Amino acid sequence: MAVTHQSETNSSLTVATPVLRGLFRIRPEFLVELDWGFALMLDSQVSASARPGNPWVKGWYRDEHGPLQWYAGVGVTAPLASVSIGPDGRIERALYNQSAAAWGLWDDWRWTPDRMAVPILGALSYTLSPRVIATAEAAVAPVMAVRNGESGTDVLAQVAVGARLLLLHDFWLCPRVQAVLLPSASVDRMQTAAGLRVEWTPRFGRFFVGALVNLDEPLGVFGRGTQTWGIHLGKELDL
Amino acid sequence: MMRTLCLACGALALLAGCTQGALAICDITQSDCQQDIYYADLRLRGDGYDPFAGMPPIRTISEDQYRTELLDQAAQDAQHAVPQPWWDEALLLLGLVPSTGGTTQAASIDNQVQETAAYYLSGKVTVIAHPAPSGDPTTVAFQPFNNMSTLAHELIHALQDRELDLQFQSQSTDQDFAQKALIEGDAALYQRLFEYNVTLPLGYHFRSRDPLVYFSTWRDANLSDQGDPTTNFASLGPPFFAVQWLVYPLGGVWLADQWDKGGNTAVRHAYGSAPQHSLDFLLGPGVAAPASKTIGCEPQPMAPAEFRNNGKAYGIDSFGAVYFFAYLMGWKVPGSDSLASALLWRYDLIFVYYNQSTQKTAVAWRIELDSPLPDTVLAPLTTPSGPRVVQDGTTLMITASDDPAFLATWNPWAGCPSQ
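Protein chains in written order, with the working numbering: chain S, 1 to 239; chain E, 1 to 419.
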């Protein structure tokens with residue numbers, strides 16, 4: 001889950017975006033993942049709003065060669081996220097925009113209203129030593145307009161590099177830098193963000209807490225951006 | 001390793017604490033300036049960023065090109081417009097528009113070319129490149145600032161276009177005013193907040209940084225028949241057209257009040273509870289909408305058949321309180337009395353009849369009031385050359401025709417007594 005809070009003159013806004021994920025092993029090298037995010041907002045008018053994100057199903061193939069582990073996958077989203085043009089339109093659009101911003105526009109197709117996407121994914125990790133693991137992720141997705149006055153097909157692409165550094169027993173520090181190539185309509189085509197997580201990996205799952213700061217325009221803390229950041233919390237359990 | 005963690009956390013906290021200064025004056029024909037303004041709008045609204053929308057296409061054209069486009073558009077409109085001579089005549093009979101010729105349009109287009117810095121239409125923003133101003137130092141100093149302010153307003157419309165239905169179809173002129181007041185008031189509010197974020201030319205400062213004070217002052221000036229002749233009601237043009245400018249200050253007051261009370265959050269929620277009648281905008285924020293009345297009958301069918309279109313009036317509408325205000329101002333009722341009287345409006349219907357063979361028009365306007373108008377208001381309305389105005393209890397009946405013989409015998413509301 002990512003949480004972002006915006007405090008402005010006379011008002012404030014808190015957006016939480018829980019993402020439910022389930023990973024199922026079909027065969028040792030084949031996995032299926034289901035992923036569905038929800039956008040929840042509580043504002044200073046003590047009004048709550050909730051909207052569904054776009055559910056996403058992914059198929060993964062994985063392999064490893066010595067210290068290198070890699071994953072390749074393809075997925076498709078169902079366009080459940082939508083914005084109604086009317087009195088609630090601004091609230092709904094703000095909710096999706098803020099949800100995407102809390103993740104630095106990473107996996108933006110999860111929150112894009114009235115569009116569906118076919119993301120092609122890849123991830124790898126390289127174990128440098130028992131205490132240091134290098135990671136990288138990338139994806140590219142055609143995103144198609146499906147309704148509500150949206151039109152055209154565009155491409156989103158994203159890449160991230162990071163590391164997992166063992167701090168103490170079961171505690172990992174995970175710095176990460178990510179960049180998202182935005183659609184052609186966007187004023188600035190690149191959104192970069194920096195994140196830092198602390199993970200705890202006891203035998204009964206993986207817990208993490210961290211923060212992500214958007215760096216440059218359009219959402220970043222530098223330049224003319226909207227200065228958005230996100231606090232990320234999560235828990236994964238092996239079932 | 002703990003030191004690494006602390007350093008990393010500190011760096012992120014520093015990044016999150018970055019702030020931005022005021023915007024510098026820039027030239028809105030330049031893309032960097034346009035982007036600065038767009039991002040400032042996004043920050044002010046606090047709604048985040050939609051990468052699939054981005055900034056709308058912005059084209060820059062010269063004054064001459066703009067004039068040519070306006071003339072072409074006027075010619076096209078004239079060619080495709082369905083003539084409604086009964087409405088033209090009805091508004092003239094009621095004193096809401098003057099009898100004007102073609103020179104007015106030419107003057108209006110010249111005025112529009114001079115006054116327009118930018119406009120938003122069908123998903124695109126057009127910026128008009130004006131020559132550098134000369135003469136009055138204040139005008140010279142402020143033109144780039146005013147241009148930035150106008151572009152900020154138009155870019156808000158582009159953002160609204162993905163949230164609200166800007167192509168709405170209203171049931172009446174009254175409802176049309178209310179919807180436009182919401183849309184323009186919203187854009188005007190953020191335009192004003194944008195202005196507070198721009199560095200003013202040296203030596204100038206804002207008297208107040210409260211948008212509600214700004215819009216209230218603007219509204220009071222526009223509703224007045226006194227004061228500054230460049231901002232009072234008469235300065236806005238003939239009454240029917242003057243009303244159309246009131247959407248900015250009246251909508252601005254309503255939304256600035258919301259913003260004062262609850263910032264962006266309150267403004268977002270305000271769309272859902274926006275007034276549906278111009279009366280509510282005239283009353284102002286914080287005043288409960290009074291119970292409205294209805295008119296359950298049409299004018300008597302005394303109008304001869306040739307005044308009707310398949311048995312119906314040629315035009316039916318509800319003008320609302322703000323056009324009633326304009327009518328009173330048009331007949332020289334003092335501004336304060338006009339406003340007080342317009343606030344008594346509870347409902348109205350206007351029926352327009354037309355004789356195709358003689359091309360004569362008759363209009364019956366019935367206004368239901370909360371309480372009767374005082375004689376001091378009725379007196380200026382009852383002139384020998386103007387419409388016939390009859391008050392029966394809380395019902396005001398205004399009739400007019402360019403067929404005096406017909407008007408002399410016409411009593412449209414005889415079968416529809418006052419409430």
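The beta carbon of each residue, even a glycine, is placed where N, CA and C say it ideally should be. These numbers were taken from a predicted model, which means no experiment stands behind them.
field: Any C-beta of chain S under 8 Å from that of residue 54 of chain E
entry: Yes, its Cβ sits closer than 8 Å to a Cβ of chain S.
query: Enumerated in chain order, which unbroken segments of the beta strand (DSSP E) with a length of 3 residues or greater are wholly contained in the region 37-75 of chain E?
result: For the region 37-75 of chain E, the continuous beta strand (DSSP E) assignments of 3+ residues that do not extend past its boundaries occur at 58-62, in sequence order.
message: I need the boundaries of the alpha helix (DSSP H) containing residue 247 of chain E, first residue and last residue.
response: Taken as a continuous stretch (DSSP letters only), the alpha helix (DSSP H) holding residue 247 of chain E covers 247-270.
Within-8 Å CB hit, residue 45 of chain S to chain E: Yes, contact with chain E.
field: Three-way DSSP call (helix, strand, coil) for residue 1 of chain S in this model
entry: Coil at residue 1 of chain S, not helix or strand.
Candidates E/338, E/241 and E/272, of which the one nearest residue 165 of chain E by Cα: When each option's Cα is compared against that of residue 165 of chain E, the closest is E/272.
field: Interface partners of residue 176 of chain E on chain S, CB under 7 Å
entry: Per Cβ cutoff of 7 Å: no residues; residue 176 of chain E is ~17 Å from chain S at best.
- prompt: Within 10 angstroms of its Cβ, does residue 204 of chain E collect 16 or more other Cβ (buried), or is it exposed?
  reply: With fewer than 16 Cβ atoms within 10 Å of its Cβ, residue 204 of chain E is classed as exposed.
Neighbourhood of residue 231 of chain E by C-beta, 7 Å cutoff - its chain only, sequence neighbours within 5 removed: These residues qualify, in order along the chain: 221 and 222.
message: Classify residue 168 of chain S: buried if its beta carbon has 16 or more other beta carbons within 10 angstroms, exposed otherwise.
response: Residue 168 of chain S is exposed by the Cβ-count criterion.
task: Give the DSSP-derived three-state secondary structure of residue 84 of chain S in the structure shown.
output: Judged by DSSP in its simplified three-state form, residue 84 of chain S adopts coil rather than helix or strand.
From S/26, S/123, S/28 and S/40, residue whose alpha carbon lies closest to that of residue 1 of chain S: With distances taken between Cα atoms, residue 1 of chain S lies closest to S/40.
- prompt: What is the DSSP secondary structure of residue 7 of chain S, counted as helix, strand or coil?
  reply: Assigned with DSSP and collapsed to three states, residue 7 of chain S falls in strand.
query: How big is the Cα-Cα spacing for residue 130 of chain S and residue 160 of chain S?
result: Residue 130 of chain S and residue 160 of chain S: Cα-Cα distance of roughly 22 Å.
- prompt: In or out: residue 61 of chain S buried (at least 16 other Cβ within 10 Å) or exposed?
  reply: Looking at its Cβ environment, which holds fewer than 16 other Cβ atoms inside 10 Å, residue 61 of chain S is exposed.
query: Any C-beta of chain E sitting closer than 8 Å to the C-beta of residue 40 of chain S?
result: Closer than 8 Å to the CB of residue 40 of chain S there is not a single CB belonging to chain E.
query: Just curious, the beta strand (DSSP E) that residue 214 of chain S is in, first and last residue?
result: Note, residue 214 of chain S: beta strand (DSSP E), 206-214.
- request: Can you tell me which of E/312, E/93, E/257 and E/151 puts its alpha carbon nearest to the alpha carbon of residue 268 of chain E?
  value: The shortest Cα separation from residue 268 of chain E among E/312, E/93, E/257 and E/151 belongs to E/257.
query: In or out: residue 33 of chain E buried (at least 16 other Cβ within 10 Å) or exposed?
result: Burial of residue 33 of chain E is indicated by the presence of at least 16 other C-beta atoms within 10 angstroms of its C-beta.
query: Hey, out of S/82, S/133, S/212 and S/78, whose CA is closest to residue 149 of chain S's CA?
result: Of all alpha-carbon atoms in S/82, S/133, S/212 and S/78, the one lying nearest the alpha-carbon of residue 149 of chain S is that of S/82.
task: Taking residue 338 of chain E and residue 329 of chain E to be in contact with their CB atoms under 8 Å, please state how far apart those CB atoms are, rounded to whole angstroms.
output: The beta carbons of residue 338 of chain E and residue 329 of chain E sit about 5 Å from each other, so the pair counts as a contact at 8 Å.
message: Does residue 204 of chain S pass the burial test, meaning 16 or more other C-beta atoms within 10 Å, or should it be called exposed?
response: Label assigned to residue 204 of chain S: exposed.
task: Answer yes or no: does any C-beta atom of chain E fall closer than 8 Å to that of residue 151 of chain S?
output: Residue 151 of chain S does not count as touching chain E.
query: According to the Cβ coordinates, are residue 56 of chain S and residue 90 of chain S closer than 8 Å?
result: No. Outside cutoff.
- prompt: Is the CB-CB distance between residue 93 of chain E and residue 400 of chain E below 8 Å?
  reply: A distance below 8 Å separates the beta carbons of residue 93 of chain E and residue 400 of chain E.
query: residue 255 of chain E and residue 245 of chain E: beta carbons closer than 8 Å?
result: With respect to residue 245 of chain E, residue 255 of chain E sits apart: the two C-beta atoms are not nearer than 8 Å.
field: residue 222 of chain E, DSSP secondary structure in three states
entry: Correct three-state label for residue 222 of chain E: helix.
- prompt: For residue 141 of chain S versus residue 124 of chain S, is the C-beta spacing smaller than 8 Å?
  reply: No, Cβ-Cβ distance for residue 141 of chain S and residue 124 of chain S is not below 8 Å.
task: With a threshold of 16 other CB atoms inside 10 Å of the CB of residue 192 of chain E, please say whether the residue is buried or exposed.
output: The residue is buried, with at least 16 neighbouring Cβ atoms inside 10 Å.
query: Can you tell me whether residue 102 of chain E is buried or exposed, with buried defined as 16 or more other CB within 10 angstroms of its CB?
result: For residue 102 of chain E, the predicted model reports a pLDDT of 41, less than 50, meaning its position is unreliable; a value from the coordinates is still stated below. So residue 102 of chain E counts as exposed.
message: Mapping the DSSP letters down to three states, classify residue 93 of chain S as helix, strand or coil.
response: DSSP places residue 93 of chain S in helix when its eight states are reduced to three.
field: Reduced DSSP secondary structure (H/G/I, E/B, other) of residue 58 of chain S
entry: Reduced to three states, the DSSP call for residue 58 of chain S is strand.
message: Between which residues of its own chain and residue 146 of chain S is the CB-CB distance below 8 Å, once the five residues before and five after are set aside?
response: Within the same chain, residue 146 of chain S has close Cβ partners 79, 114, 115 and 116.
field: One or two residues paired with residue 169 of chain S in a DSSP bridge
entry: When DSSP reads this structure, residue 169 of chain S sits in no beta bridge, so it has no partner.
Straight-line gap, residue 198 of chain S to residue 208 of chain S (C-alpha atoms, nearest Å): One C-alpha to the other measures close to 6 Å.
Under 8 Å between C-beta atoms of residue 151 of chain E and residue 25 of chain E: No, they are not a contact pair.
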